[in-house]
Amino acid sequence: MPYSFTQIEKDKSRTIGMVFAFLVLFYFLAGWTIALVVKNYFFFESSDEVQFRGFAGLSLTETLTALGIAFGVGWLHWTYSVHDLVPRSLRVLKAEPLSPNDTYHQMLQNIIEEVSVATGGEKIEGVVVPTMAMNAFALSDFSGRKVIGVTEGLLARLSRAQLEAVIGHEAAHIVSEDCLSTTVTTSLFALVNGMLNGISQMFRYRRSRDRDSLGGFITVIFLILMVTRFISLLFRMFISRQREFRADAMAVRLTRDPLSLAQALYAISQRWRGAGLAGEELEAIFITNPKLSALDESEGLWADLFSTHPPIRQRLKVLLDLAKADVQQLEDNFRAQLNRPRQDISSTPAPDPREWMLNREGQWIGPYSLIQIATQDWVTPETWVKKANGSVVQVFDDPAILELLRQKNQAQNKLNGQGQVALDGFNLCLRCRLPLSDMHYEGTIIKKCSTCGGALVKENDVQRIIIREDVSFSDRVKRMAELTAQSMKNWEPAQTDLKTAQLYKCPTCPHPKPTMIRMFYTLAYPVEVDKCLYCGQMWFDQDELEILQCLIEKNTKQGSLE
Amino acid sequence: MIGWILLGLIVFAVIAFVSIYNSLVTLRENVRNGWSQIDVQLKRRHDLIPNLVETAKGYISHERGTLEAVIKARQQAVNATSIKDKQEAENFLSGTLRSLFAVAENYPNLKADTQMRQLHEELTSTENKIAFARQYYNDEVNRLNVAIQSFPSNIVAQVGGFQKSEFFGIAEATERDAPKVQF
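Respectively, the protein sequence lines represent chains A and B. For reference, each letter of the first sequence is one residue, going 19 to 580 in this note's numbering. For reference, each letter of the second sequence is one residue, going 40 to 222 in this note's numbering.
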C-alpha cells in the first residue's frame, strides 16, 4: 500500500499552513522591530528634557496592531505569490512548450503519458528548457495545473529508460503533492530572487558602458537580493530533503526500474546541472540542486534543516541496493553513453532524389528532382515524364508532380498578378534560388538545399541541434572545425567586408523581405551565419552547421571530462 | 447506562460499515478505471499495427510470413473478449511484433525511414503504456482482493456483494522490455 492519501493531505496542508504562519511571523517580527526602533528613537529625540527614560516597550494594542498589519501584508504577499504561480515560474525558467515536429519532444510527451498511465491517469503537462544543462523539475499550483519540465541537455543525453525513470521521479512529486507545497514555498521569495537575478545579470553586461546612470539601481537590486536570499534560506526549513528519497522510492514503484534512475542521477551529477541560470534560485523544485552545494552533500542536523536535497551518494546507494548493482556499473554506463555510436548521415540518401526525366520538345532531359521540376516554368500537366523505373506517363498521372504544380499555382494566385517570383510559396535556397526541402536532422526538421547543401534553421532549433549528439561528423568536417578553431587564434575583426558582401533577403518573412545580417554564431565559435532579425531564421552554408556542432561538442566534452 | 453503551456501539458500527463500504467502492472503481486504461491502450496498439505493416511492406515485402503473422495475431487480439483470451492474444501479438522489429533490424533503409521511426516510437510508447496500465490495474486488483478477504472489510464485502477481480497476467518477466529494439 503506497503512502496513503489521507496522510498526503495532512502533510500537504500542514506544510502549507506552517509556511503561511511563518510568513506572518516574519512580517510581525520585522514590523515589531521597526515599530520598537521608531518609538524609542522618536521619544528620545522629541522629549524636552534630554534624559534617557529607559527602554520603551510596545503596549498590547500596539503589538496587536503590528500583528494585524503583519497578517495583512503576509496575506497580500501570499496571494500575490500564489496567483498564476506555474506560468510565472515557467517564465523565470524560460521554459517552452513541446513542439510537435520534434522527435525528442514527441518522445518526452509519450514518456510523460506513459508515466501518467502508471499513476492511474494523472493529467501532466510537459515543457522543455532550452539549455545544455541536465536537470528536471515538477511544478504545480492551486489551480490544479501540473507541469513536468526537462532541460534539452537531459533530453538529448539520457536513454529512453533513464528519462522514463526521471519523469517517474517528478511524477511522484506530483502524485504525492509535496510538489505543491514546494512550489508555493519556493515562490514566496525565490521566484522574486530569480527575476531579480535575471535583471541584475542583464545589467552586468552593460555595466562598463553606463555604470554611472545605473549604479544606484544595481546596488538596490543587490541589497534586496541579499535580504530575500537570506529569507529564502530560512524558508528552506519547510522543504524536507526526505521528499527526494520518497520520490525516488515512488518512481521505482511506478516504473520498476531502479537501475535506470540510478544511472540518470549519476549522469546528472557528473555533468553541468544548470548553475548560473536564472532558474537556479528555484533549486527546490529540481531533481538535483542546480548549484553544486556542499550543504546538500553533507549530513547532520544543520544540513537536514537548511538543505533542499539529500546527498546524491545516499540516493544512489538506496537505488543501487534495490537494483543490486554497484557504482562501477554506473560509471561504465556513463562512459558507454558518452561514446555511444552515432548515426552516420553521410550514407543516408539525399533528401531529394532525382528520379524524373522530362520530355521537352521531343528531347528527354534530366534527371530532375521533384524540386527542380518546380522551378521549370514550361512544365504543364501534359508534359511527358519518365520515372526511374522506366514507366512513361504524363504529369497528370503522376500524383507527386501534380501536387507540386498545384502548390505552385496556388502560390502564384496568392501573389495576385504581381507575380515577381513564380516560386514565392516555397522557401528558396538563398544561393541557388531552388526550393528547399525538409530534412530530419538531430530530431528536428531543417530546410536544406539538395543542390548546394546549405541549410535554413530556426533559431530555437539551432540551440537544440547543438545540444543533441545523434549524428557523427565526417573527417572533412572535423578537419574544418580544427582549422576554424585555429584561425580563431590569429583572427582579425576586419577579415570580411560586410558592406560589399552580398547580403541575402530572408526567405520566410512576408513582403517586404528584410535583409539578413551576416555574423559569427558567437565570437567564441566563429562560424559565419546569416540571420534574420525579425523571424530568427539562420542560414548555414554547406557543412557550417556541422562545423559549429563539432566545435561546441569538443568544448563541452573537454569541460565535463577533464 | 447499558442502553447508551449499546447505542454508542451501534453508531460506531454503522459509521465503520459506511466508511469501509465507501473505501471498497473506491477500490472497485479504481480497478474499473485501470481496466478501461488497459483497454484504451490495447485499442491504440491495434490501430497502429496496420500502419506499421503498410510501411514495412514497402521494404520487406518478401518477408511475407512475419508480416502475415502480425496481421493474424492482431485480428485474434481484436476478436478476443474475455480477460483470459485477451491476455493470451495480446501476449502472442507482442511476440510477433518483436520478431517483426528483429527482422527490421536487418534492413537499414527501413530503419532509416522517418515514418517507420515514428511508428516505432509510438508503438514502443503504447507497449510501455500497456505495461504500466496493467501494472496499475494489477496493483489495484491486489488492493481490492486483499480488502475483500481481510477482516473486518470481508463482512462488508459479503453484505455489499463485492467480487474478487482477476489479474491481467504477464507471460514472461522480460516481456516489458520486449519491443524496445534500439534503432
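Here a beta-carbon is modelled for each residue, glycine too, at the ideal position from N, C-alpha and C.
Can you tell me which residues form a DSSP beta bridge with Asp548/A? According to DSSP, Asp548/A bridges with Arg536/A and Trp557/A.
Interface partners of Asn72/B on chain A, CB under 9 Å: Within chain A, the C-beta atoms nearer than 9 Å to that of Asn72/B come from Gly138 and Gly139, in chain order.
So for Asp456/A, helix, strand or coil by DSSP? For Asp456/A, the secondary structure class from DSSP, reduced to helix, strand or coil, is strand.
Could you list the residues in the region 160-177 of chain B with a C-beta less than 7 Å from some C-beta on chain A, going in chain order? Result list: Glu160, Ser164, Asn167, Lys168, Phe171, Ala172, Gln174 and Tyr175.
Cβ distance (whole Å) where Phe89/A is taken to contact Val42/A below 8 Å: About 5 Å separates the beta carbons of Phe89/A and Val42/A, which is inside the 8 Å limit, making them a contact pair.
Check Leu241/A in the structure and name its three-state DSSP category. In the three-state reduction of the DSSP assignment, Leu241/A falls in the helix class, which pools H, G and I.
Which residue from Pro417/A, Phe324/A and Leu279/A puts its Cα closest to that of Ile330/A? Each of Pro417/A, Phe324/A and Leu279/A was checked against the Cα of Ile330/A, and the nearest Cα belongs to Leu279/A.
Closer than 8 Å, Cβ to any Cβ of chain B: which residues of the region 187-207 of chain A, in chain order? Those would be none; no residue qualifies.
Please name the residue in Tyr539/A, Phe263/A, Cys553/A and Ala542/A whose C-alpha comes closest to that of Thr533/A. Residue nearest to Thr533/A within the set Tyr539/A, Phe263/A, Cys553/A and Ala542/A is Cys553/A (criterion: CA-CA distance).
In angstroms, rounded to a whole number, what distance separates the CA positions of Leu423/A and Val202/A? Leu423/A and Val202/A have their C-alpha atoms spaced approximately 57 Å apart.
Cβ neighbours of Glu140/A in the same chain (closer than 8 Å, five flanking residues each side left out): Listed in chain order, the non-local C-beta contacts of Glu140/A below 8 Å within the same chain comprise Ser134, Lys164, Ala189, Ile192 and Val193, local neighbours out to five positions each way being set aside.
Proximity of Met537/A and Val475/A at Cβ, strictly below 8 Å: Taking 8 Å as the Cβ cut-off, Met537/A and Val475/A do not qualify as a contacting pair.
Terminal residues of the alpha helix (DSSP H) in which Gly73/B lies: Counting along the chain, the alpha helix (DSSP H) containing Gly73/B begins and ends at Ile41 to Ile99.
Using CA atoms only, rank isn't needed, just tell me which of Met152/A, Lys426/A, Gly384/A and Leu198/A is closest to Val100/A. Among Met152/A, Lys426/A, Gly384/A and Leu198/A, the Cα nearest to that of Val100/A is on Leu198/A.
Could one say the Cβ of Met125/A lies closer than 8 Å to chain B's Cβ atoms, at least one of them? For Met125/A, the answer is yes, since a Cβ of chain B falls inside 8 Å of its Cβ.
How many angstroms separate the CA atom of Lys82/B from the CA atom of Leu162/B? Each residue's Cα considered, the two are about 12 Å apart.
Other residues of its chain near Asp344/A: CB distance less than 7 Å, five sequence neighbours each side excluded: Closer than 7 Å at Cβ, skipping near neighbours: Leu338.
Indicate whether Ala269/A and Ala183/A have their beta-carbon atoms separated by less than 8 Å. Result yes, Cβ atoms of Ala269/A and Ala183/A sit closer than 8 Å.
Mind pulling the chain B residues with CB within less than 9 Å of Asn128/A? Within 9 Å Cβ-Cβ: Glu160, Glu161, Thr163, Ser164, Thr165, Asn167 and Lys168.
Extent of the continuous alpha helix (DSSP H) run through Ser158/A: For Ser158/A, there is no enclosing alpha helix (DSSP H); the enclosing beta strand (DSSP E) covers residues Ala154 to Ser158.
Give a yes or no on whether the minimum CB-CB distance between Glu170/A and chain B is below 8 Å. Contact with chain B is absent for Glu170/A, since none of that chain's Cβ atoms lies less than 8 Å from the residue's Cβ.
Assign Gln504/A to buried or exposed, taking buried as 16 or more other Cβ atoms, counted over all protein chains shown, within 10 Å of its Cβ. It counts as exposed.
At 4 residues or longer, what runs of the alpha helix (DSSP H) sit wholly inside the region 111-194 of chain A? Within the region 111-194 of chain A, the complete alpha helix (DSSP H) runs of at least 4 residues are 121-136, 170-175 and 178-193.
Classification of Ser409/A by the beta-carbon crowding that lies within 10 angstroms, buried from 16 upward: In this structure Ser409/A is exposed. Its beta-carbon is surrounded by fewer than 16 other beta-carbon atoms within 10 angstroms.
Suppose the cutoff is 6 Å on Cβ atoms and the five residues either side in sequence are ignored; what does the same chain contact list for Ile249/A look like? These residues qualify, in order along the chain: Phe207.
Neighbourhood of Val397/A by C-beta distance below 8 Å, restricted to the same chain and skipping five residues each side: So the list reads Leu376, Ile391, Val413, Ile419 and Leu423, once near-sequence residues are dropped.
In angstroms with no decimal places, state the Cα-to-Cα distance between Phe256/A and Phe44/A. Going by the C-alpha atoms only, they are around 14 Å apart.
Report the residue ranges of all alpha helix (DSSP H) runs contained in full by the region 267-337 of chain A; include only those spanning at least 4 residues, in chain order. 276-288, 312-315 and 319-324, all fully within the region 267-337 of chain A.
Using 8 Å as the threshold, is the C-beta distance between Phe491/A and Glu564/A below it? Yes, Cβ-Cβ distance for Phe491/A and Glu564/A is below 8 Å.
With DSSP collapsed to three states, give me the class of Val403/A. Three-state result, Val403/A: strand.
Could one say the Cβ of Val42/A lies closer than 8 Å to chain B's Cβ atoms, at least one of them? By this cut-off, Val42/A is not an interface position.
To which residues does DSSP link Met375/A through a beta bridge? Partner residues in the beta bridge of Met375/A, as assigned by DSSP, are Lys404/A.
By the criterion of Cβ-Cβ separation under 8 Å, what are the contact partners of Asn69/B in chain A? Per Cβ cutoff of 8 Å: Gly138.
Ile64/B classed as buried or exposed, judged by whether at least 16 other C-beta atoms fall within 10 angstroms: The amino acid at residue 64/B is misidentified as Ile; the sequence shows Val. Exposed, because fewer than 16 other Cβ atoms sit within 10 Å of the Cβ of Val64/B.
Could you work out which residues of chain A lie near Thr153/B, taking near to mean beta carbons separated by less than 8 Å? The contacting residues are His458.
Tell me the DSSP secondary structure of Ser387/A in three-state form. In the three-state DSSP reduction, Ser387/A falls in the strand class (E or B).
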